[in-house]
Structures are given as structure tokens and as C-alpha cells.
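Colleague: Following this message is one structure expressed as C-alpha cells.
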Amino acid sequence: MAAVLEVKDLEVVYQGVIQALTSLSLTVPEGAIVTLLGANGAGKTTTLKAISGFLPLEDGRVTRGSITIGGQDLLKLAPHQIVRRGIFQVREGRHVFSEMTVEENLIAATFAQRAARSRKEAFDEVYNYFPILSQRRHQAAGYLSGGEQQMLAIGRALVADPEMILLDEPSLGLAPLIVKEIFEIIARINREKRVSMLLVEQNAVIALKYASYGYVIESGRTVLEGTTEKLSADQDIQKFYLGVEAHEAA
Amino acid sequence: MSPLQQFIEYSIVGIAAGGIYALIALGIVLIFKSSRTFNFAMGEMMMLSAYFFYAAAVTFALGPFLGMIVALVCSIAVALVIERVAIRPMLGRPFIAVVMVTFGIGSIIRGIVGMIWGPNDLQIPAILSRSPIMLGDIFVPGKTARAFAIAVVIVVGLIAYLRYSRAGVALRAAAADAVTAYSMGIDVRRIISFTWVLAAITGCISGVLMANVNTLTPHLGLVALNVLAVVILGGMNSIGGVLIAGFIIGWLEAITGLFLPTEFREITPYILALIVLLVRPTGLFGTKEIERI
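Heads up: the protein sequence lines correspond to chains A and B, in order. Heads up, the first sequence is in this note's numbering, so the first residue is 7 and it goes up one at a time. Heads up, the second sequence is in this note's numbering, so the first residue is 1014 and it goes up one at a time.
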């Protein structure tokens, strides 16, 4: 059911002058978890924003290249249409609606649903993956812990029932144990629902563990790609992203 | 009549007048919440709606009921045209630029209404009964009381709708965080149009009520300037805040009229708004973000 996402030779410019991406290409095959590695400012988040169509909201523009899913051109669609096409982004920093309850946050995500599915069916699925959200359903989302907010952010994606989830830094600011718990659930969702994922992570160790394929980007272009096995064995990756050398020296 | 009784009577009349302020303020706040746009044309939209009502009910002799429906439909159409033609292209531009556009729209509406209907007072069909309501010994003017009752019903209905409907969730989501709302599949531009429609409805009803309580003139919209004080006092993004502020300002105006010369009626709302702003820049009830504990 899921289709292949293809980003080809993408160039992105902010405010008409600031070049954020110069030539970025990547492919996310059906049902895969693909990760995007790179230093701060390399263009990881910009790539996700370009796919989701958020760039015009921040005075950014795709000046060259293409983004397609199953052959359909995404650059022609507005952000809400891209979501309804089945590509859901879980934004960096979680962005739950803090003054709305957990359940109202989930209701907001029903606008992204493509096929008619009863609200109960959709919410039950969320509560099945994240039982804690069921207990908190009537609480304001602002009062949830960081981990619970991340669960809610992913829960909203489940309500939308997408073909692909774009995850921007899901581990940001969370304790290692919580990160592990959340990634186990992400992997379960990928496996059980055949949802493909494009994962942007600072935490390269965990990204390479859960993804099957990865791209390394520097200054807005793809510089290295390969299976995560191959990337994990790469000396530069070990040195710059996994800190192996420093570890051995110590 | 004892001074206490007089005080109570003025208070009730003032609070009743505040009901319409709250209704107008609600329209302003809804637009502000969805798009951070302060709609200075709200008063003129009200006034235009009342003229639509006059044209439909009197000129075309449709009677008050059909007249009201025609006025609502026309008001919504005008609001949608304003939003589409003048406001949407300005989204993302500096706040003050958009505000000036709404100012301009207000002037244009006033000019057009003056050209079509002239500057004189017009009498619209009485939709509100004049017979006073007695609360014990206290006398409440009939029109004011009934206008208040209608305003309260509309306000409560609208708030319940925004609180419990899916559209209300979408509106609150778009108001809180537009990019995230888009990422939920919510078409934020449509939400903005939707708030203009809601503002047209509250404006139309309050305009016709106003024209009933007073008379119909091209200056009817000036009342929205008092509502400006209401909105500042209540906090621009707080629906509950502006409702309470509406009643406070209405009451304050009436009480000022009781104790001080009438000129003071005009300025007391602003003095109060100014004092509140100095102490609390977000207004009395402007929302703070809930911080994660």
C-alpha cells in the first residue's frame, strides 16, 4: 500500500538568499525506516519541511529538484493536502497543543485521515500503543511529561493512519530509558502497520540501530549513503557520529 | 427611589448593554485568534449588516424574519469577500500593515453606506418589544433586556460550539500553532475564513440589535471603539476574558453616567483599559502558556 518517496537533487533557499539545501537526494522505500544523519544546520529539518510543504510558511522555497511519492509531485500540494496524501510529520520539539486535552489533540489529527475510520477505532489504536495516554486523555497536554508529549505527537500520527511518518528528533530532551521505550514502539508501528519512516536524529547510535538504510548530509548535500550496517562500520561515521575513536582512546 | 435602588437599576442596564459589547468583542477575538489580525472594520461590518436588514425588511418589504436571514447571508458574503480579497494576501505581513487594511475597509464601508442610504437616521422595524421588565421594583427597559437575552444566547451557543465541535478543535489548534495545525491536515486558511464568517454572524446580530435599541445611522459602528477597550481589557486571545470585560465596560459606562457628567462615559472604559494594561500587559485574562511542570 505504501509508495516510494523520492527526493531528487533538491535545492532550498530561505528568504530568497539563504541556501539551506544545495543538492539533496534520498529514497524511502515501502515499509522501510530510513535515517538522515548530519550535524546541526546540515539541512535535515529543512529536508523534512520541504517534503511536508512547510517551507512557504517560513519564507522558504524549493528552487530546484523534485519530491514525489508513488510518482505524484508533492511540490504542487499545500501542507494539509500532503498530510491527507498520507505523509505525516511529527515535528521537532513535539508541538502538542498544550492547552488542549490529550483527546482534543487526537481529534485535531482526525483532519489528516484519508479513509473514513471511526474516531473510537482510531483512538483505541493510539491507546493500545500508548496506554498511558488513555489514562491522561482528559488532561491538558501541557501537563504531560516530555516522554508522554512525544507519545502524543506520535499518537496523532497514528490517528491519521499515514503511509509514511517523518520523525524529527523524537529523542530530543528525553531520558535514555524513555527514548528506548519510544523507539521500540516506533519499530512496532513500522512492523505491524507497514508504515515507512524517515527519521532525523541527533542520536546516531539509536538511529543506526532502528533504521535499515541511512544518508549522511553535510552543508545541504548528500555525501554518503548505505545500509545502516555499512554506515556503522564506516570509519568517518564512527569518528564523527558514534564517537567510537574517542571512546577507544579513553 | 432610593440611591441603592438607583445604583442597582443602572448596574443592570449597564450589564445588559455589555451583552452586545461581548457579542461584538467575540467576533474581533475569533479573527484575532485565528490570524493575529485586529479587525478595525468590525464596527462598520455591524453597521452595514443593520443596513442590509433595513433594505431587506423595509425597502423590499420582506418583514423582520426574512430580513434577518437576508442580512445574515449578505453579511457573510461581504466578510468572505473582504477576507479573500484584502486580508488573505496580507497574511504574514507586519501586524500594523494588516490593521491599516482593516481600517481602510471600515472607511470604504462607511463611505458606501453614506452614498446609498444617506447620513440621516433611519427607523428599522421593531423586532424587540418595548414593554419594560420589572425585577421587583427595578425597572429594566424592554429593548435592552431582550437584546441582552439574545446576545447571551448567541454567545453561549457559539462558545459551546467552539468548545465541543470538531471545527472548534481545528480553530483552537490553528490559533495555538498554525504550522502544527497544518501538519494535522487542518487547512488554516479555511479556518481563518471561517472566523470571518463567525464574526459576520456576531456582527450582524449585534448590529441589528444596536439599531433596534438606538437608531440606524452610518455612525452605528462607532460603538466598536468602546469594544476596543473591552478587547484590550479582556486580553486579545481570551474568549472568556472579553465576555467578562464586555459586562464590566457596560456596567462601568452606566455607573459613570449615574455619578459623573455624561462626557466621562466616553472615556472611563479607556482609563480602565489603560490602568489594566499598565499592570497586566496581556489584559485581565490573556492566556499564559501552560508550562510543563
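For every residue, glycine included, the Cβ atom is placed at its ideal position computed from N, Cα and C.
Beta carbons nearer than 8 Å to chain B: which residues of the region 138-164 of chain A have them?
Modeller: Flagged, chain order: Ala-146, Gly-148, Tyr-149, Leu-150, Ser-151, Gly-152, Gln-155, Arg-162.
Colleague: Taking Met-1147 of chain B as the reference, which of B:Leu-1017, B:Gly-1270, B:Ile-1025, B:Ile-1284 has the closest Cα?
Modeller: What you label residue 1147 of chain B is simply residue 134 of the second sequence in a count that begins at 1. Minimum Cα distance to Met-1147 of chain B is reached at B:Ile-1025.
Colleague: If you draw a straight line from the C-alpha of Ala-26 of chain A to the C-alpha of Val-18 of chain A, how long is it?
Modeller: For the purposes of this step, residue 26 of chain A is taken as the residue at position 20 of the first sequence. For the purposes of this step, residue 18 of chain A is taken as the residue at position 12 of the first sequence. So the two alpha carbons sit approximately 6 Å from each other.
Colleague: What runs of the alpha helix (DSSP H), each 4 residues or longer, lie entirely inside the region 24-64 of chain A?
Modeller: Those alpha helix (DSSP H) runs which fall completely within the region 24-64 of chain A and span 4+ residues are 50-58.
Colleague: Buried or exposed for Arg-1097 of chain B, going by 16 or more other Cβ atoms inside 10 Å?
Modeller: In the second sequence, the residue the question calls residue 1097 of chain B occupies position 84. Exposed is the call here.
Colleague: Would you identify the three-state DSSP class for Gln-244 of chain A, choosing helix, strand or coil?
Modeller: For the purposes of this step, residue 244 of chain A is identified with residue 238 of the first sequence, where counting begins at 1. Helix at Gln-244 of chain A.
Colleague: Within the same chain, show all residues whose beta-carbon is closer than 8 Å to that of Val-1114 of chain B, passing over the 5 residues directly before and after it, in chain order.
Modeller: Within the second sequence, residue 1114 of chain B is the residue found at index 101, counting from 1. Once the five neighbours on either side are set aside, the close Cβ partners of Val-1114 of chain B are Ala-1099, Ile-1100, Met-1103.
Colleague: Mind pulling the chain A residues with CB within less than 8 Å of Ile-1172 of chain B?
Modeller: Along the second sequence, one-based indexing puts residue 1172 of chain B at 159. None at all; the shortest Cβ gap to chain A is about 15 Å.
Colleague: Taking Asn-196 of chain A as the reference, give the member of A:Leu-173, A:Ile-138, A:Ser-124 with the closest Cα.
Modeller: Within the first sequence, the letter at position 190 stands for residue 196 of chain A. With distances taken between Cα atoms, Asn-196 of chain A lies closest to A:Leu-173.
Colleague: Counting only beta-carbon separations shorter than 8 Å, does Arg-67 of chain A have a partner in chain B?
Modeller: Position 61 of the first sequence, counted from the start, is the residue given in the question as residue 67 of chain A. Arg-67 of chain A does not count as touching chain B.
Colleague: If you draw a straight line from the alpha carbon of Leu-139 of chain A to that of Lys-199 of chain A, how long is it in whole angstroms?
Modeller: Working through the first sequence from its first residue, we reach residue 139 of chain A at position 133. Working through the first sequence from its first residue, we reach residue 199 of chain A at position 193. Rounded to the nearest angstrom, the two C-alpha atoms are 20 Å apart.
Colleague: Under 7 Å Cβ to Cβ from Tyr-133 of chain A, same chain only, skipping five residues before and after it: list those, please.
Modeller: Here residue 133 of chain A corresponds to residue number 127 of the first sequence, with the count starting at 1. Same-chain partners within the cutoff: Leu-139, Ser-140.
Colleague: Taking buried to mean at least 16 other C-beta atoms within 10 Å of its own C-beta, is Ile-1306 of chain B buried or exposed?
Modeller: Taking the first residue of the second sequence as 1, we reach residue 1306 of chain B at position 293. With a pLDDT of only 29 at Ile-1306 of chain B, under 50, the local geometry of the prediction cannot be trusted, and the value read off the model is given with reservation. Exposed is the call here.
Colleague: Could you spell out the range, first to last residue, of the alpha helix (DSSP H) harbouring Arg-70 of chain A?
Modeller: As a first step, residue 70 of chain A is located in the first sequence; it is residue number 64 there, counting from the start. No alpha helix (DSSP H) contains Arg-70 of chain A, which is instead part of the beta strand (DSSP E) from 66-75.
Colleague: Taking only runs of the beta strand (DSSP E) that begin and end inside the region 1150-1223 of chain B, which ones reach a length of at least 3 residues, in chain order?
Modeller: The region 1150-1223 of chain B contains these whole beta strand (DSSP E) runs: 1151-1153.
Colleague: With the cut-off set at 8 Å, would you say Gly-1248 of chain B and Thr-1208 of chain B are in Cβ contact?
Modeller: On the second sequence, residue 1248 of chain B is found 235 positions in, with the first residue counted as 1. On the second sequence, residue 1208 of chain B is found 195 positions in, with the first residue counted as 1. Cβ distance not < 8 Å, so Gly-1248 of chain B and Thr-1208 of chain B don't count as in contact.
Colleague: Between Asn-1239 of chain B and the rest of its own chain, which residues show a CB-CB distance below 7 Å, the 5 nearest in sequence each way excluded?
Modeller: Counting from one through the second sequence, the residue named residue 1239 of chain B turns up at place 226. Hits under 7 Å: Tyr-1034, Ile-1262, Pro-1282.
Colleague: Enumerate, from N- to C-terminal direction, the unbroken alpha helix (DSSP H) stretches of 4 or more residues contained entirely within the region 124-151 of chain A.
Modeller: Correct list: 125-135, 137-141.
Colleague: Can you list, in chain order, the residues of its chain with a C-beta nearer than 7 Å to that of Val-89 of chain A? Leave out the 5 residues immediately preceding and following it.
Modeller: As a working note, residue 89 of chain A is residue 83 in the first sequence. Contacts found: Ala-118, Ala-166.
Colleague: Taking the alpha-carbon positions, what's the Glu-1266 of chain B to Gly-1254 of chain B distance?
Modeller: Along the second sequence, read from residue 1 onward, the residue named residue 1266 of chain B stands at position 253. Along the second sequence, read from residue 1 onward, the residue named residue 1254 of chain B stands at position 241. Each residue's Cα considered, the two are about 18 Å apart.
Colleague: Tell me the DSSP secondary structure of Arg-227 of chain A in three-state form.
Modeller: Taking the first residue of the first sequence as 1, we reach residue 227 of chain A at position 221. In this structure, Arg-227 of chain A counts as strand in the three-state DSSP scheme.
Colleague: Among A:Asp-240, A:Gly-148, A:Leu-183, A:Arg-67, which has the Cα closest to the Cα of Ala-84 of chain A?
Modeller: Translated into the one-based positions of the first sequence, residue 84 of chain A becomes position 78. Answer by Cα proximity: A:Arg-67.
Colleague: I want to verify the contact list: residues of chain B whose CB lies under 9 Å from the CB of Met-106 of chain A, in sequence order.
Modeller: One-based indexing of the first sequence puts residue 106 of chain A at position 100. Residues of chain B passing the Cβ test: Val-1182, Arg-1185, Ala-1186, Ala-1189.
Colleague: Cα separation between Glu-131 of chain A and Ile-1172 of chain B?
Modeller: Position 125 of the first sequence, counted from the first residue, corresponds to residue 131 of chain A. Position 159 of the second sequence, counted from the first residue, corresponds to residue 1172 of chain B. Roughly 31 Å between the two C-alpha positions.
Colleague: Please tell me whether Ile-188 of chain A has its Cβ less than 8 Å away from any Cβ of chain B.
Modeller: The sequence position of residue 188 of chain A within the first sequence is 182, counting from 1. False, the Cβ-Cβ gap to chain B never drops below 8 Å.
Colleague: May I ask you to list, following chain order, the residues of the region 92-119 of chain A that have a beta carbon less than 9 Å from some beta carbon of chain B?
Modeller: So the close ones are Phe-94, Gln-95, Val-96, Arg-97, His-101, Val-102, Phe-103, Ser-104, Glu-105, Met-106, Glu-110, Asn-111, Ile-113, Ala-114, Ala-115, Thr-116, Phe-117, Ala-118, Gln-119.
Colleague: Quick one, which of B:Phe-1051, B:Asn-1225, B:Leu-1291, B:Ser-1047 has its alpha-carbon nearest Gly-1117 of chain B's?
Modeller: Residue 1117 of chain B sits at position 104 when you count from the first residue of the second sequence. Nearest of B:Phe-1051, B:Asn-1225, B:Leu-1291, B:Ser-1047 to Gly-1117 of chain B, Cα basis: B:Phe-1051.
Colleague: Assign Val-23 of chain A to buried or exposed, taking buried as 16 or more other Cβ atoms, counted over all protein chains shown, within 10 Å of its Cβ.
Modeller: Residue mapping note: residue 23 of chain A aligns to position 17 of the first sequence, counting from 1. Val-23 of chain A comes out exposed.
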